[in-house]
Each structure stands twice: as structure tokens, then as C-alpha cells.
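As C-alpha cells, the structure follows; a few thoughts come after it.
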DNA sequence: ACCAATGGTTCGAATAATGAACCACATTCT
DNA sequence: AGAATGTGGTTCATTATTCGAACCATTGGT
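Chains as they are written, first to last, in the working numbering: chain A, 23 to 280; chain B, 23 to 280.
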């Protein structure tokens with residue numbers, strides 16, 4: 023791995039549950055020498071990508087990201103566009119709608135919108151990270167990603183989040199084939215108990231799958247009427263979102279999307 | 023310069039007016055060899071920090087920043103806190119209030135709030151970049167930054183934005199001495215014609231100046247009453263914002279802040 | 001058909017990254 | 001008090017990586 027990749031990969035160890043990381047800990051997490059980590063972090067710190075809370079203490083993500091995220095959003099208003107699509111989807115289905123983007127081998131949530139129609143709803147967190155194998159969003163992404171990527175993802179240890187989580191690579195491959203036929207991935211209590219989600223993939227300008235659009239409902243509320251509503255609304259919204267963010271549908275998805 | 027710093031510095035060439043940059047152009051801008059730029063951008067692309075719009079075309083900032091910015095905001099809700107302080111400040115003064123953070127040798131706008139009291143107002147843009155020498159925010163930062171940093175900033179070519187912009191390093195040094203005495207930096211039509219701004223510095227946990235809080239009003243509306251209102255409100259708000267984001271006031275500023 | 005751009009690639013020479021051992025300082029036991 | 005273990009940070013000879021001039025392959029304009 024090149025030096026730059028090493029430096030950037032250090033940033034991936036920061037998460038909502040681990041917002042501050044010390045030098046030694048980061049060295050342990052990454053398997054890199056302490057001196058190396060220190061030098062890389064110094065470079066990152068110089069450019070404002072990380073900062074140290076108090077003098078000579080743990081590192082945390084820096085302010086540079088606020089500026090760069092704003093610039094990204096100005097160049098490609100993906101979040102903004104997603105937000106409007108999500109609002110319509112949440113309104114039409116009465117359930118929680120969200121968009122997640124592929125980030126390495128996981129999905130990170132870009133935006134979500136709740137419906138106000140019911141007192142109970144599936145709740146989300148900003149920048150929440152979702153596994154590929156245990157969510158409908160992840161399955162929809164895998165179903166329309168290159169075989170090499172799928173194999174790499176299924177080769178990783180697959181964690182069981184609930185009693186229902188499917189962790190057998192072979193059966194997951196079968197599921198993916200079904201998703202490819204249907205266009206929609208479905209997940210019942212795979213990631214969280216009592217949650218039933220439907221998802222469809224999103225694509226970029228090169229017809230590469232970059233994430234998913236999903237609707238999440240409580241299992242208790244799911245019936246054939248709601249399911250039909252979610253599926254038909256999703257089939258309309260997903261291709262629209264891809265197109266309005268400058269993306270194009272690959273032939274394999276265009277066939278099954280309508 | 024290390025390889026990592028080179029890679030990260032490539033990101034600084036992206037701006038609102040230059041959201042897409044080609045390989046050759048980036049090579050020219052940075053002064054780095056085309057092959058070097060290509061390798062660095064490939065590393066950045068692998069981690070989602072940049073992406074290519076269509077296959078084999080110009081680069082733009084990637085989706086990774088959306089996630090990292092969300093994580094930063096979750097760890098340090100600076101923007102959120104700033105927003106509430108700005109709302110109060112805009113409400114109290116009837117003018118535009120904004121917070122900018124130091125990013126290398128320029129300031130980038132983190133947040134801003136307009137007042138609804140007047141039909142005319144000073145308008146801002148997301149992630150707008152402000153020069154240090156030609157804005158009240160910049161002067162307030164320089165006044166409370168280490169001499170070495172100030173000299174480095176004044177050694178750069180100082181661009182004149184308006185007919186009023188002060189570009190003489192010697193006279194700027196005099197101005198900075200006054201700001202150090204007063205605690206507030208004032209700028210009349212230095213950056214934009216018809217804009218009169220007041221600013222005070224913000225500090226982090228190490229008592230290092232990291233940005234500024236400012237109020238911008240149209241020159242035509244500025245009178246002694248408004249000026250007094252802005253100054254007294256600013257004197258209250260700036261130290262409060264520093265404290266509520268986990269920062270501490272350095273002795274040199276604490277003396278003049280009240 | 002030509003030229004001048006573009007993005008991307010190659011490979012010996014030059015340079016920068018590496019990591020074991022080392023500080024100085026806290027904290028926490030004995 | 002003193003030893004033991006932790007922390008962030010530094011040093012420097014060895015080594016592996018990065019650099020960059022020259023090179024393709026394509027594209028678009030004249």
C-alpha cells in the first residue's frame with residue numbers, strides 16, 4: 023500500500039463510537055509503526071484533516087472536512103437532490119426513506135427522511151454505517167456490482183447482527199441472483215429486529231453502482247398493501263434519483279427497473 | 023514536502039469556481055509532474071476522496087467528505103453551536119453574522135445567518151474563502167496569531183479586492199496592533215464595496231486562534247448606533263462561542279475582550 | 001492529414017518512508 | 001519513594017518507494 027493510501031486509511035478508524043483516537047491506539051488498530059503513524063498524522067494535521075483536542079492528546083477529525091464537504095455538495099448537490107426524492111418517498115409510503123453510499127466495503131448513510139404519518143417509525147443516524155451482507159441496501163448494491171467486488175465482500179467475515187442475519191456466502195449468492203431478477207432487494211430483520219426494508223441500487227455516470235435508495239418499515243406494520251406501495255414507489259424513485267444526480271442505468275438494471 | 027502533503031494539497035485547488043479539474047491542469051496548478059499527480063489522484067480516488075465524472079475525464083471532490091464531515095460534526099458540533107450563536111447575533115444587530123475558520127492561509131466560511139429586519143443585506147456563500155489581509159475576520163485572526171504566522175501571511179502577494187483594500191504590510195502591522203488593543207477588527211469596503219464588517223477571533227482548546235466571528239452590514243446603513251450595537255453584541259458573543267466549542271481565551275485576548 | 005491538446009504509462013535514478021530503539025512525561029501500583 | 005507501565009513524540013541508518021522525462025493512445029480542431 024502506498025504512503026498516501028496508508029495516511030487516508032487512518033481516517034477510516036474514526037467513527038461515531040470512536041471519535042477520538044490516540045497515537046498508540048491508532049498504531050495498534052492499523053498495524054503500522056508508531057513513528058509512521060505519527061508522521062502521517064502530522065501531515066494530516068498540517069492540512070487540517072485531523073486535529074488534537076488538547077495539546078499533545080488524542081486525535082480527532084479536523085475542520086477541513088466541513089469545507090470540502092460543502093464544496094463537494096456545491097459541485098454535486100447529491101444530498102440536496104436525495105433529500106427531495108426521499109421526502110416524496112417517505113410521504114407516499116408513510117415510512118422512513120434513506121439513501122446510503124458505498125464507501126469501501128460498507129455503506130454510509132447520506133440522507134434520510136421520516137414520515138409523520140405514524141407514531142412509530144424506523145429511526146436513522148447521521149453517517150450511520152451499514153454492512154453490505156445484512157441490509158437490503160447492501161444486497162441491492164452487491165447484486166449490481168462487479169463479481170470481483172462481490173467475491174471480495176463475501177470473503178470477509180460476515181457478522182450476524184440479529185438472529186435472522188444471513189451469513190452464509192452461498193445462500194447470499196442465491197439471494198443476489200434473485201435481486202438481479204427483481205431489481206429490488208428485501209430484508210426482514212437482518213440488520214435490526216422488527217425492521218423490514220426494501221432497496222434499489224443507484225448508479226453514477228459510468229453506470230457503476232454507488233449506493234442504494236431504501237424504505238424501512240416496522241415489521242408489525244408490513245402487509246401486502248404497504249409492500250405493494252413501497253415497491254411501486256421505489257421503482258419510480260430509484261431510477262429518477264440516479265438520473266437527476268447525473269448517473270446512468272446499466273442495461274442489466276434497466277431491464278428489471280420498470 | 024512529503025508525499026501525503028502533496029496529495030492533500032492537490033485537494034486545495036478545488037473551489038466553487040473550479041469544481042472539476044483535469045490531470046494536466048492539476049499538474050500545471052501544483053507544479054508537480056503529471057505522472058506524480060496521476061498516481062496521487064489514483065490513491066485519492068481509491069478512497070473516495072475524488073472521483074472522475076465520466077470515465078477518463080476530469081476529477082472532482084468525492085463522496086468521502088460527506089461522511090467524514092458528518093462524523094466531524096458528530097464529534098465536535100461546531101457548526102451547530104455556531105448556528106445558534108449566529109442567529110442571536112443576527113437578530114440582535116439586524117445584520118448578517120458569520121463564522122469563518124482558518125484553513126492554511128485563508129479563511130473558509132463555516133456558517134452564516136441573515137437577519138430578516140431589512141430588505142437589503144450582505145449575502146454569503148457556503149464555504150466562501152476569505153483572504154486574511156482584506157477582511158475584518160482575517161485581521162482579527164492575524165492580530166491574535168503567532169508572529170511567525172503573521173509574517174508568513176504578509177510575505178505573500180497581497181491582492182487588492184477593491185479600491186480600498188490595504189495591501190501595504192507595514193500599515194497592516196500597525197492596524198494589527200490597534201486590533202490587539204481593541205479586541206475588534208473593523209473593515210470598511212476592503213473586501214467588497216459597500217460592506218462594513220466587525221470581527222473578533224475564536225480560539226481552540228490550546229488557546230490558538232482558529233477563526234473569527236463577524237457581523238457584516240451595508241456601509242449605507244452603518245451609523246454610530248448600529249456600530250455600538252454590533253460591537254457590544256460581538257463582545258458578548260465571541261468569547262461565548264469560543265467557550266461553548268471547548269476553547270479557551272488566551273490572556274492577551276481576555277484583557278481586551280470585555 | 002496534421003497539430004495540439006488530453007489522460008495515462010514506463011523504468012532507471014533520486015528521494016523519501018520506514019521502524020527499532022530511544023526520550024520525557026504521567027499514572028498507577030507496591 | 002520507587003518501580004512498572006502507559007502515553008505522545010523523536011532519531012537515524014537502512015531500504016523501499018516515489019519521481020519525472022519521455023513515451024503511448026485518443027480526441028477535437030484546423
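Backbone N, C-alpha and C define an ideal beta-carbon position, used for all residues, glycine too.
Since the structure is predicted, the reported quantities are computational estimates derived from the model, not experimental observations.
Quick check: what's the CA-CA separation for residue i versus residue j?
{"i": "residue 63/B", "j": "residue 256/B", "result": "43 Å"}
{"i": "residue 168/A", "j": "residue 272/A", "result": "12 Å"}
{"i": "residue 211/A", "j": "residue 240/B", "result": "57 Å"}
{"i": "residue 28/A", "j": "residue 208/B", "result": "44 Å"}
{"i": "residue 179/B", "j": "residue 197/B", "result": "18 Å"}
{"i": "residue 202/B", "j": "residue 158/B", "result": "13 Å"}
{"i": "residue 181/B", "j": "residue 189/B", "result": "7 Å"}
{"i": "residue 226/A", "j": "residue 270/A", "result": "6 Å"}
{"i": "residue 206/B", "j": "residue 124/B", "result": "17 Å"}
{"i": "residue 242/A", "j": "residue 144/A", "result": "12 Å"}
{"i": "residue 132/A", "j": "residue 152/B", "result": "29 Å"}
{"i": "residue 56/A", "j": "residue 117/B", "result": "50 Å"}
{"i": "residue 265/A", "j": "residue 275/A", "result": "13 Å"}
{"i": "residue 42/B", "j": "residue 185/A", "result": "47 Å"}
{"i": "residue 137/B", "j": "residue 235/A", "result": "37 Å"}
{"i": "residue 66/A", "j": "residue 40/A", "result": "18 Å"}
{"i": "residue 70/A", "j": "residue 96/A", "result": "20 Å"}
{"i": "residue 281/B", "j": "residue 200/A", "result": "Only positions 23 to 280 of chain B appear in the structure, and residue 281/B is not among them; the question remains open."}
{"i": "residue 93/B", "j": "residue 245/B", "result": "43 Å"}
Taking Cβ-Cβ distances shorter than 7 Å, what residues in chain A pair up with residue i?
{"i": "residue 87/B", "result": "87, 90, 91 and 94"}
{"i": "residue 132/B", "result": "88"}
{"i": "residue 75/B", "result": "227"}
{"i": "residue 33/B", "result": "90"}
{"i": "residue 159/B", "result": "Simply none; closest approach about 15 Å."}
So for residue i, helix, strand or coil by DSSP?
{"i": "residue 136/B", "result": "coil"}
{"i": "residue 219/A", "result": "strand"}
{"i": "residue 115/A", "result": "helix"}
{"i": "residue 193/B", "result": "helix"}
{"i": "residue 207/B", "result": "strand"}
{"i": "residue 4/B", "result": "Here chain B comprises residues numbered 23 to 280, so residue 4/B is not present and cannot be evaluated."}
{"i": "residue 121/A", "result": "strand"}
{"i": "residue 106/A", "result": "helix"}
{"i": "residue 68/A", "result": "helix"}
{"i": "residue 281/B", "result": "There is no way to answer for residue 281/B, as the model of chain B reaches only from 23 to 280."}
{"i": "residue 51/A", "result": "helix"}
{"i": "residue 277/B", "result": "helix"}
{"i": "residue 285/A", "result": "A question about residue 285/A goes unanswered here, because the residues of chain A that appear run from 23 up to 280."}
{"i": "residue 144/B", "result": "coil"}
{"i": "residue 261/B", "result": "helix"}
Run down chain A in chain order and give the residues with a C-beta less than 9 Å from the C-beta of residue i.
{"i": "residue 205/B", "result": "Simply none; closest approach about 23 Å."}
{"i": "residue 36/B", "result": "90, 93, 94 and 97"}
{"i": "residue 149/B", "result": "88, 89, 90, 91, 92, 93, 95 and 96"}
{"i": "residue 101/B", "result": "88"}
{"i": "residue 41/B", "result": "93, 94, 96, 97 and 98"}
Can you name the residues of chain B whose CB is closer than 8 Å to the CB of residue i?
{"i": "residue 82/A", "result": "94, 97 and 98"}
{"i": "residue 125/A", "result": "70, 85, 86 and 89"}
{"i": "residue 26/A", "result": "25, 26, 29, 62, 65 and 66"}
Let's see if you can read the secondary structure: which residues bound the alpha helix (DSSP H) around residue i?
{"i": "residue 240/B", "result": "Taken as a continuous stretch (DSSP letters only), residue 240/B belongs to no alpha helix (DSSP H), being part of the beta strand (DSSP E) at 231-240."}
{"i": "residue 180/B", "result": "Unbroken run through residue 180/B: none, as it is neither H nor E."}
Since residue i is in the beta strand (DSSP E), which residue starts that stretch and which ends it?
{"i": "residue 82/A", "result": "81-83"}
{"i": "residue 151/B", "result": "151-153"}
Does the structure place the segment 78-85 of chain A close enough to the segment 101-116 of chain A that three or more beta carbon pairs sit under 8 Å? no
Measuring CB atoms only, is the segment 259-268 of chain A touching the segment 30-37 of chain B, in the sense that at least three cross pairs come out at less than 8 Å? no
Determine, using beta-carbon pairs with one atom in the segment 95-109 of chain B and one in the segment 93-103 of chain A, whether at least three such pairs fall under 8 Å. no
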